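Taking it in order: structure first as structure tokens, then the write-up.
There are 2 protein chains.
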Amino acid sequence: MPDSPAAGPRKAETIYLTAIDLLADSGYDELTMEAVAQRSGVNKTTLYRWWPSKDALLAAALTAAAPLQISIPDTGSFRGDLTALAGEIARLLTADETAAIAAAVLSASASRPALAAAGHQFFSERLERERVIFDRAIARGEVSADIDPGVVIDLLAGALWARLVLRGLAIDPRYIDAIVDVVACGTRCE
Amino acid sequence: MPDSPAAGPRKAETIYLTAIDLLADSGYDELTMEAVAQRSGVNKTTLYRWWPSKDALLAAALTAAAPLQISIPDTGSFRGDLTALAGEIARLLTADETAAIAAAVLSASASRPALAAAGHQFFSERLERERVIFDRAIARGEVSADIDPGVVIDLLAGALWARLVLRGLAIDPRYIDAIVDVVACGTRCE
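Here the protein sequences line up with chains A and B, keeping their order.
13 is the number of the first residue of the first sequence in our numbering; add one for each residue after it.
13 is the number of the first residue of the second sequence in our numbering; add one for each residue after it.
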């Protein structure tokens with residue numbers, strides 16, 4: 013028995029990449045344990061030993077797969093960190109390697125509750141990692157201690173998505189500066 | 013000949029409602045001029061006289077159909093207007109009557125370029141109507157004259173969507189206050 017399913021089998025990264033590639037290429041319905049096993053060259057029994065369902069595998073893949081990782085910036089200022097973070101999110105939303113995966117997860121609605129749940133888990137774990145940006149900004153006296161990191165990340169990530177998907181417009185550094193300006197200034201009001 | 017296709021035929025509202033109902037119930041692929049004609053009791057020739065394609069009809073329906081309209085608030089303060097507007101957007105995203113339509117438009121990605129384009133047109137026209145909120149706030153001296161309304165609306169609407177779709181969490185008045193606090197304060201910084 014493995015210590016923890018979170019650790020994953022030896023070929024975990026290959027399995028994760030296969031799962032998110034299948035999601036991006038063929039969509040959620042075509043993503044099956046069978047297809048992941050075949051394409052990654054791993055026995056189906058092995059997959060089921062680690063993940064009870066394709067949804068469990070997908071949730072793990074979204075959280076752990078290397079292309080979906082963002083580095084948590086540490087630039088020395090709150091505004092610098094938000095700018096770097098917004099740039100990373102914009103990259104995930106637009107880069108060849110990740111745009112289709114992002115679109116699949118972001119468009120999961122009531123009709124794909126398991127995929128939506130995997131997305132919720134992904135964004136919840138990411139928010140936990142992003143908290144350090146706020147802890148450091150509070151320690152530096154840049155923002156109030158009662159700031160809600162979730163609200164700030166929603167504003168930033170939501171605006172980037174609105175610009176790209178709702179308006180069909182490109183995200184450039186000027187746009188990132190504009191949203192960071194509002195958010196960074198707004199968090200200093202009492 | 014009608015003066016302008018934007019005016020629409022006599023049964024325009026029925027046709028619009030039928031089109032957005034079909035989109036919500038069956039999805040973009042099942043939405044055809046044939047189906048709209050049948051369900052709304054309007055001759056297909058009439059539809060084509062006004063709209064050259066289902067995409068043109070859909071774009072008109074999104075912009076004009078009553079359930080998707082939002083009233084532009086005029087509360088006397090920028091913060092009050094943003095709060096009311098955020099409440100209206102939250103309602104569109106969650107109400108029984110509109111949530112499925114919103115989900116269909118918001119999830120239109122590269123695979124549904126015509127639906128995405130109809131969405132872009134919808135949000136562009138809506139932004140034009142929202143500008144008066146900013147004009148009045150500038151006239152009252154509440155915000156700087158170089159404020160970009162698109163940036164502010166992206167932040168608000170994007171955060172509401174992120175909260176609901178990415179995080180799977182409910183939007184309550186406290187959340188709306190929190191995002192409006194950041195945005196209204198942030199737009200006062202120089």
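Ideal Cβ placement from N, Cα and C applies to all residues, glycine included.
Note that the structure is predicted; figures quoted are calculated from it, not measured.
For A:Leu34, the enclosing alpha helix (DSSP H) starts and ends at 24-38. Close partners of A:Ile191 in chain B (Cβ separation under 8 Å): Val163, Asp166, Leu167. A:Phe90 is outside the set of residues whose beta carbon lies under 8 Å from a beta carbon in chain B. In this structure, the beta-carbon distance from B:Pro85 to B:Thr110 does not fall below 8 Å. When only Cα atoms are considered, B:Ala149 and B:Asp189 end up about 18 Å apart.
In summary, A:Glu42 is exposed, with fewer than 16 beta-carbon neighbours lying within 10 Å of its beta-carbon over all protein chains present. Cβ contact annotation for A:Leu59 (same chain, cutoff 6 Å, sequence separation greater than five): Met45, Ala49, in chain order. Look at B:Arg179: its C-beta is under 8 Å from a C-beta on chain A. In this structure, the beta-carbon distance from B:Ile32 to B:Leu74 falls below 8 Å.
Look at the stretch 33-64 of chain A: it has no residue with a C-beta under 7 Å from a C-beta of chain B.
Pairwise C-beta distances place the stretch 158-169 of chain A in contact with the stretch 171-180 of chain B, as three or more of them are shorter than 8 Å. When rounded, the separation of the alpha-carbon atoms in A:Arg143 and A:Asp160 is 9 Å.
Between B:Gln81 and B:Ala102, the alpha-carbon positions lie close to 13 Å from each other.
Contact between B:Ile145 and B:Leu97 holds, since their C-beta atoms are separated by about 7 Å, short of 8 Å.
Taking 8 Å as the CB threshold, A:Arg103 stays off the interface with chain B.
Distance from the Cα of A:Ile183 is smallest, within the candidate group B:Asp147, B:Gly162, B:Ala130, B:Val192, for B:Gly162.
Scanning chain B for C-beta atoms nearer than 9 Å to the C-beta of A:Leu70 yields nothing, as the closest lies near 15 Å away.
Not a single C-beta of chain B is nearer than 8 Å to the C-beta of A:Gly99. Here B:Gly198 is near A:Val195, since their CB atoms are less than 8 Å apart.
Under the criterion of beta carbons closer than 8 Å, A:Phe134 and B:Arg179 do not qualify as touching, at roughly 10 Å. Per the C-alpha coordinates, the member of A:Leu69, A:Asp147, A:Val177 positioned closest to A:Ser89 is A:Asp147. Proximity of chain A to B:Thr199 at the Cβ level (cut-off 7 Å) is accounted for by Val194, in chain order. Your pair B:Ala107 and B:Gly39 does not check out as a contact, with CB atoms roughly 19 Å apart and the cut at 8 Å. DSSP places B:Val195 inside the alpha helix (DSSP H), whose first and last residues are 185-198. Those residues of the stretch 116-150 of chain B placed with their C-beta closer than 9 Å to a C-beta in chain A are Ala116, Val117, Leu118, Ser119, Ala120, Ser121, Ala122, Ser123, Ala128, Ala129, Gly131, His132, Phe134, Phe135, Ser136, Leu139, ordered along the chain.
In this structure, the CA atom of A:Leu139 is about 11 Å from the CA atom of A:His132. Taking CB atoms only, A:Gly170 has a neighbour in chain B less than 8 Å away. Pairing A:Tyr28 with A:Ala68 gives a Cβ-Cβ distance that is not under 8 Å. Take the alpha-carbon of A:Arg124 and the one of B:Pro185: they are about 27 Å apart. B:Ala157 counts as exposed, since fewer than 16 other C-beta atoms from the protein chains shown sit within 10 angstroms of its C-beta. Secondary structure at B:Trp63: coil, using DSSP grouped into helix, strand and coil.
Annotation for B:Glu140: the continuous alpha helix (DSSP H) segment containing it runs 125-151. Closer than 8 Å to the CB of A:Ala157 there is not a single CB belonging to chain B. In terms of CA proximity to B:Lys23, B:Asn55 leads the group B:Asn55, B:Ala36, B:Arg152, B:Leu35.
Residues of chain B with a Cβ closer than 9 Å to the Cβ of A:Arg175 are, in chain order, Gly162, Val163, Asp166, Gly170.
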